[in-house]
Amino acid sequence: MKVFSATDIGQKRQMNQDFIYVSEEPVGNLPNLFVVADGMGGHNAGDFASRYGVSVVVESVRQDKNFNPVKIMRNAVEAANREVLKQARDDTSMAGMGTTMVVCTLVGGYAYVANVGDSRLYMAGDALNQITQDHSLIAEMVRLGELTPEEGRRHPDKNIITRAVGTADEVRIDFFDMKMEEGNKIVMCSDGLTNMVEDSRIFAILNDTEVEDKAKALVDEANANGGLDNIAVIVVEV
Ligand code: CA
Numbered sequence: 146m147k148v149f150s151a152t153d154i155g156q157k158r159q160m161n162q163d164f165i166y167v168s169e170e171p172v173g174n175l176p177n178l179f180v181v182a183d184g185m186g187g188h189n190a191g192d193f194a195s196r197y198g199v200s201v202v203v204e205s206v207r208q209d210k211n212f213n214p215v216k217i218m219r220n221a222v223e224a225a226n227r228e229v230l231k232q233a234r235d236d237t238s239m240a241g242m243g244t245t246m247v248v249c250t251l252v253g254g255y256a257y258v259a260n261v262g263d264s265r266l267y268m269a270g271d272a273l274n275q276i277t278q279d280h281s282l283i284a285e286m287v288r289l290g291e292l293t294p295e296e297g298r299r300h301p302d303k304n305i306i307t308r309a310v311g312t313a314d315e316v317r318i319d320f321f322d323m324k325m326e327e328g329n330k331i332v333m334c335s336d337g338l339t340n341m342v343e344d345s346r347i348f349a350i351l352n353d354t355e356v357e358d359k360a361k362a363l364v365d366e367a368n369a370n371g372g373l374d375n376i377a378v379i380v381v382e383v
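Quick note, this note's numbering runs 145 ahead of the 1-based positions in the sequence shown.
Given below as structure tokens:
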């Protein structure tokens, strides 16, 4: 396994509210662990939400006695939801904060994924496939056929998300699993990448044999295209 990761403030923002976690070594009963989180909230709340949420996930996984990766990821994201929400309620300056979260682990030839929000996980083989669904108002309108994908891409309300970690007592988590073939790549990223770089371009960079560090190359491309938001990318090559 080869892993590259990068996060960057971008060209326009004052702080980086994206946070990533990468472990190619075991964490608790999981043989590896990858997380992308994109925080929201004013002042220091957004970057706190993503960083703290990820730390709760990692600690939960570390202590979890289960062996089922889906159960372990569910426990971890639910713990993060509880803890971030508790902080948001205890400290009024952090009210309303929350974070997206994509969690992935590779176990026995399969990738297991948990997702809340509009960060994404793609699997690249012969083509680039978006595995996660965006929990955003615009993505839901596109799924319902009320907007075309192209209208959705340029919509001003793109940033309104319909699910997050830490904003309500209950968190609804999507789970996915995929069989991994040799040569497959996984891309986990925040919307700061996908709003700036088209899928076709992401796929081209992943397949560019001249480029060793694909995560850095993707971040550079988002910045070259304007870097309007924070950018976070993890690329796992199997
Ligand atoms: Ca973002």
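For each residue, glycine too, the CB sits at the ideal point set by N, CA and C.
Spatially closest choice to residue i from the options, by CA coordinates
i	options	result
Ile-376	Glu-291, Gln-159 and Ser-345	Gln-159
Met-242	Val-181, Val-202 and Tyr-197	Tyr-197
Pro-301	Asn-340, Phe-179, Phe-348 and Lys-210	Asn-340
His-188	Ala-221, Gly-155, Leu-178 and Ala-233	Ala-233
Ala-151	Val-180, Glu-170 and Leu-175	Val-180
Gly-262	Met-185, Gly-270, Tyr-166 and Arg-308	Arg-308
Asp-133	Met-323, Gly-328 and Val-252	Residue 133 is absent from the model: the chain starts at 146 and stops at 383.
Lys-303	Gly-155, Asp-374, Ala-360 and Ile-165	Asp-374
Distance cut-off 6 Å: residue i Cβ against heavy atoms of ligand 1
i	result
Gly-337	yes
Asp-192	no
Asp-279	no
Asp-353	no
Asp-374	yes
Asp-183	yes
Residue i at chain D interface by Cβ criterion, 7 Å
i	result
Arg-265	Going by chain labels, chain D is absent from the structure shown, which holds only one protein chain.
Per DSSP, the bridge partner or partners of residue i
i	result
Asn-274	Met-268
Met-333	Leu-266 and Ile-379
Phe-321	Val-258
Val-180	Tyr-166 and Val-248
Residue j beta carbon less than 7 Å from that of residue i
i	j	result
Leu-273	Asp-344	yes
Leu-351	Thr-250	no
Ser-205	Ala-190	no
Met-185	Leu-266	no
Val-121	Ala-221	The chain is shown from 146 up to 383; residue 121 falls before or after that span and cannot be answered.
Gly-173	Asp-209	yes
Asp-192	Gln-162	yes
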